[in-house]
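Down below is the structure, laid out as structure tokens.
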Amino acid sequence: MENNLKILFFGTPEFAMPVLETLVKNGYNVSHFQSKSLKNEQTFKAFKLLNPDLCVVAAYGKILPSRYLEVPKYGFLNVHPSLLPKYRGPSPIQTAILNGDKKTGVSIMVVDEEVDHGPILAQREFLISNFQFSNHDELAKKLFELGAKLLIETLPKYIRGEIRSVKQDHGQATFTKMFSREDGRINWSESCDKIYNQIKALNPEPGTWTTWKGKILNIHDGIPSLGPPLSIFNVVTKIDGNIAVATKKCYLILKSIQLEGKRETNAKSFVNGHPDFIGSVLE
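Residue numbers (our numbering): 9 to 291.
In structure tokens, the structure reads:
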């Protein structure tokens with residue numbers, strides 16, 4: 009019965025594709041619905057003509073007008089990469105990384121007219137602390153793979169009416185925001201762990217950066233490290249052959265950087281071309 013459903017998939021970023029691919033691999037009749045805008049009448053008519061039984065949303069990034077929600081017999085299900093009601097909104101993964109959370113998870117929820125507000129069908133935890141990753145997209149891919157598996161487990165029970173949704177505790181809801189380029193500016197007087205989380209959370213977009221000699225220096229990757237006692241923040245130095253910046257309590261070893269107008273390179277190669285980088289101050 010479930011595999012005869014006509015499913016439309018709403019999802020945009022590349023890391024949402026595991027959800028679509030998993031539906032297809034499990035024999036579901038699924039199509040990818042794409043439109044620049046859901047507000048015009050022509051798009052809505054095209055959607056109605058498709059006559060879906062169910063719609064699945066993953067990292068879609070657009071508000072679904074209420075009239076869309078009324079069309080499918082089984083409504084819209086959303087694969088959301090957080091343990092709702094925590095981290096509703098556009099940046100749950102980035103926010104979890106920024107906050108240094110040890111765990112996060114995925115939620116399968118029924119979409120209603122408010123953002124990430126609908127009842128929960130299933131949730132699964134994921135330990136961030138046990139997963140090695142260098143940026144947001146790597147963790148996002150892992151979470152949507154987990155969400156895809158949970159969706160496949162949940163769908164048959166949902167369609168057969170064997171699973172009861174649970175209303176979210178709206179009083180416990182927290183909300184995330186879209187991060188801007190300015191959010192990526194590094195404050196070297198912050199703790200090394202905080203800067204490290206910032207780099208992982210905000211790369212590849214909107215990116216993390218500082219300035220050197222009045223130019224933007226993008227910091228794509230780095231890792232915390234202990235070193236000699238600190239006397240001043242934001243000075244570039246060498247520790248055991250690595251290029252590092254002094255921060256509060258420890259050092260950040262620079263791995264991958266990119267000077268404004270130049271190509272991305274590893275920090276050691278950058279110093280070969282800019283020996284005056286050592287001993288300089290980042291702002």
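Glycine is no exception: its CB is placed at the ideal position from the N, C-alpha and C atoms.
Is it true that the CB of residue j sits closer than 8 Å to the CB of residue i?
i, j, result
"Ile286", "Lys246", "yes"
"Ile128", "Leu77", "no"
"Ala209", "Ile105", "yes"
"Ile207", "Ile224", "no"
"Phe23", "Gly97", "no"
"Gly235", "Tyr259", "yes"
"Leu151", "Trp220", "no"
"Val79", "Ile15", "no"
Below 7 Å CB to CB, which residues in the same chain sit around residue i once its five sequence neighbours on both sides are set aside?
i, result
"Ser292", "The structure shown does not extend to residue 292, since the chain is modelled only from 9 through 291, so no value can be given for it."
"Ser173", "Val118, Pro127, Ile128, Leu129"
"Asp177", "Pro93"
"Lys175", "Pro127"
"Ser45", "Thr51"
"Thr162", "Ile116, Leu129, Ala130, Ile171"
Give me the Cβ distance between residue i and residue j, rounded to the nearest whole Å; I'm assuming they're in contact under 8 Å.
i, j, result
"Ile240", "Ala252", "At roughly 13 Å, the Cβ-Cβ gap does not stay under 8 Å, so Ile240 and Ala252 are not in contact."
"Ile203", "Thr273", "Not quite, the Cβ-Cβ distance comes to about 20 Å (not below 8 Å), so this is no contact."
"Leu72", "Phe84", "7 Å"
"Val27", "Gly19", "6 Å"
"Glu187", "Pro212", "In the sequence as displayed, the identity of residue 187 is Phe instead of Glu. In fact, because the Cβ distance is near 12 Å, the residues do not count as touching under 8 Å."
"Thr112", "Phe134", "6 Å"
What is the rounded straight-line gap between the Cα of residue i and the Cα of residue j?
i, j, result
"Lys185", "Ser99", "6 Å"
"Asp229", "Ser264", "5 Å"
"Leu57", "Ser74", "17 Å"
"His144", "Ile101", "7 Å"
"Lys165", "Leu159", "10 Å"
"Gly179", "Asp109", "20 Å"
"His88", "Glu122", "14 Å"
"Arg132", "Gly169", "20 Å"
"Asp201", "Trp217", "16 Å"
"Asp61", "Leu13", "6 Å"
"Ser233", "Ile116", "38 Å"
"Met25", "Gly35", "16 Å"
"Lys47", "Asn250", "53 Å"
"Tyr68", "Pro21", "8 Å"
"Lys53", "Lys157", "32 Å"
"Lys276", "Gly269", "18 Å"
"Tyr95", "Phe139", "20 Å"
"Asp191", "Ile167", "42 Å"
"Glu153", "Asn107", "22 Å"
"Ala181", "Arg189", "26 Å"
"Val279", "Ser90", "40 Å"
"Asp284", "Gln266", "16 Å"
"His282", "Arg271", "14 Å"
"Asp248", "Lys149", "34 Å"
"Lys49", "Thr30", "The sequence shown places Glu at residue 49, not Lys. Straight-line Cα distance between these residues: approximately 31 Å."
"Lys70", "Asp124", "12 Å"
If you drop the 5 nearest sequence neighbours on each side, which residues of the same chain put their C-beta closer than 6 Å to that of residue i?
i, result
"Phe141", "Leu147"
"Ser288", "Val244"
"Gly155", "Val87, Val114"
"Ala66", "Gly19, Ala24, Val27, Val87"
"Phe17", "Leu28, Val38, His40, Val64"
"Asn59", "none"
"Ser199", "Lys256, Lys257"
"Asp120", "Gly126"
Give me, in chain order, the residues of the same chain whose beta-carbon lies closer than 8 Å to that of residue i; leave out the 5 immediate sequence neighbours on both sides.
i, result
"Ser197", "Phe241, Asn242, Thr255, Lys256"
"Ile231", "Tyr204, Leu260, Ile261, Lys263"
"Tyr82", "Leu13, Asp61, Leu62, Tyr166, Ile167"
Segments assigned beta strand (DSSP E), at least 3 residues, entirely inside the stretch 210 to 248:
Runs of the beta strand (DSSP E) inside the stretch 210 to 248: 217 to 220, 223 to 233, 244 to 247.
Length at least 3, wholly inside the stretch 254 to 285: the beta strand (DSSP E) runs in chain order:
As far as the stretch 254 to 285 is concerned, its whole beta strand (DSSP E) runs of at least 3 residues are 259 to 267.
3-residue-minimum beta strand (DSSP E) runs that sit fully inside the stretch 141 to 177, ordered along the chain:
Within the stretch 141 to 177, there are no complete beta strand (DSSP E) runs of at least 3 residues.
Uninterrupted alpha helix (DSSP H) stretches inside the stretch 36 to 107 (no shorter than 4 residues)
For the stretch 36 to 107, the full-length alpha helix (DSSP H) segments reaching 4 residues or more read 49 to 58, 74 to 77, 100 to 106 along the chain.
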